[in-house]
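> Residue 20 in numbering that gives the first Met the number 0 sits at position 21 of the sequence shown; the count goes up by one each step and never skips.
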Amino acid sequence: MSILGRPKGEDLTIGSSQVENFLVEVRTKKYTGYLKIECRNLEFLLFYEEGVPTHGFRVIEDELFSFSNLSDILSSLEGGKLSFFEASPGTLQALFDMKFGDQIYGNLYTSYCDLGKLFQTLQQEKHTGSVEIDLPSLNCFVLTEEGVPTEVVFSRGRGEKEGEIEEVLHVILEKAAVESGIVKVFERRNPLTIPSPDPEEIFTWSDPRRLKLEFAFGQLGKEFEKLLDQNLTISQILNTLCVDFVEIADMYTYLSVKGYIVTKKGLING
């Protein structure tokens, strides 16, 4: 996914003293930003605010999947690579909006959308959230509060501009008027909280019928499907997938209602 923020340390090897010392620096100097972690073909982001880890995510095909245990298992990802990107609270908020916000209006194409009028509409609607603008020459998020643009966050190496927000936004609108790109509007809302079943219950197929979950649920569905044959508890499945239950809740609900899976207790390892 696009890199937001300024690099403070890149491609450090997890388990080395270099990483240990750097994480101490993050904590003592109260950095705000995020760790990008790559290990065993998996990619994660761990947010830091004032030196304290807050939210963890697994990244799949440029989408964020909540993984609240990431800070606890960081040491177990030995051999992986770690980079830290110092970023403003607004940068983290833009990522939160992309993850938890409601995308309204669908994908808007600059060839058919007047971006100036779009921001006028957002001002009238007192929109709070983020607007992602992806053009050949730049990629950025414009954060709004009650319809007023408050910050512009650029992806690393994708058309960074400095100056007053009105000036920066004017340059973006000029580029959008002559370049073909995509605009996404995310309306801010609080993250969902979904109650999880007993973590020691076992997910299993109810009969030999199988569904190909990748078609509807992507890579995560493909991985989840394979684990249903292994008599694993819910907590074991979540730890293997490196996600929280909220990320498989839709799959769990669909498969349960349709009768494809059941949960059982006390059957660990047969």
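Here a beta-carbon is modelled for each residue, glycine too, at the ideal position from N, C-alpha and C. Quick caveat: nothing in here was measured; it's all calculated off a predicted structure.
Can you look up Asn20 in the DSSP assignment and give me helix, strand or coil?
Position 21 of the sequence shown, counting from 1, holds the residue named residue 20. If DSSP states are grouped into helix, strand and coil, Asn20 belongs with the helices.
> Is Leu168 close to chain C? Criterion is C-beta to C-beta, closer than 8 Å.
Going by chain labels, chain C is absent from the structure shown, which holds only one protein chain.
> Who does Tyr33 pair with in a DSSP beta bridge?
Stepping through the sequence shown from its first residue, residue 33 is reached at position 34. In DSSP, Tyr33 forms a bridge with Phe46, Phe84.
> Express the C-alpha separation of Ser16 and Val261 in angstroms, rounding to a whole number.
The residue you call residue 261 lines up with position 262 of the sequence shown. The residue you call residue 16 lines up with position 17 of the sequence shown. Approximately 46 Å, taken between the alpha carbons.
> Pull the bridge partners of Gly128 from the DSSP assignment, please.
As a position in the sequence shown, residue 128 is number 129, starting the count at 1. According to DSSP, which records beta bridges pairwise, Gly128 is partnered with Thr143, Glu186.
> Is Asn314 helix, strand or coil by DSSP?
Residue coverage of the chain in this structure runs from 0 to 269, which leaves residue 314 outside it and unanswerable.
> Assuming the contact rule is C-beta atoms closer than 8 Å, Phe84 and Pro6 should be a hit. Round their C-beta distance to whole Å, please.
Counting from 1 along the sequence shown, the entry for residue 84 is found at position 85. Counting from 1 along the sequence shown, the entry for residue 6 is found at position 7. Phe84 to Pro6, Cβ: 6 Å. Contact.
> Going by beta carbon distance, what residues of the same chain come within less than 8 Å of Asn106, once the five residues before and after it are set aside?
Your numbering for residue 106 matches position 107 in the sequence shown. Contacts found: Ile181, Val182, Lys183.
> What is the DSSP secondary structure of Thr27, reduced to helix, strand or coil?
Counted from its first residue, the sequence shown places residue 27 at position 28. Looking at Thr27 - three-state DSSP - the assignment turns out to be helix.
> Would Ser234 and Glu178 qualify as a contact pair, given that the criterion is a beta-carbon distance under 8 Å?
Indexing the sequence shown from 1 puts residue 234 at position 235. Indexing the sequence shown from 1 puts residue 178 at position 179. No, the Cβ-Cβ distance between Ser234 and Glu178 is not below 8 Å.
> Looking only at C-alpha atoms, which of Val23, Leu94, Val25, Phe140 sits nearest to Gly55?
Taking the first residue of the sequence shown as 1, we reach residue 55 at position 56. Among Val23, Leu94, Val25, Phe140, the Cα nearest to that of Gly55 belongs to Leu94.
> Considering just the uninterrupted stretch of the alpha helix (DSSP H) at Lys174, what are its terminal residues?
Indexing the sequence shown from 1 puts residue 174 at position 175. 164-177 is the span of the alpha helix (DSSP H), which, as asked, contains Lys174.
> What is the residue span of the alpha helix (DSSP H) that Leu117 lies within?
In the sequence shown, the residue the question calls residue 117 occupies position 118. Element bounds for Leu117: 114-123.
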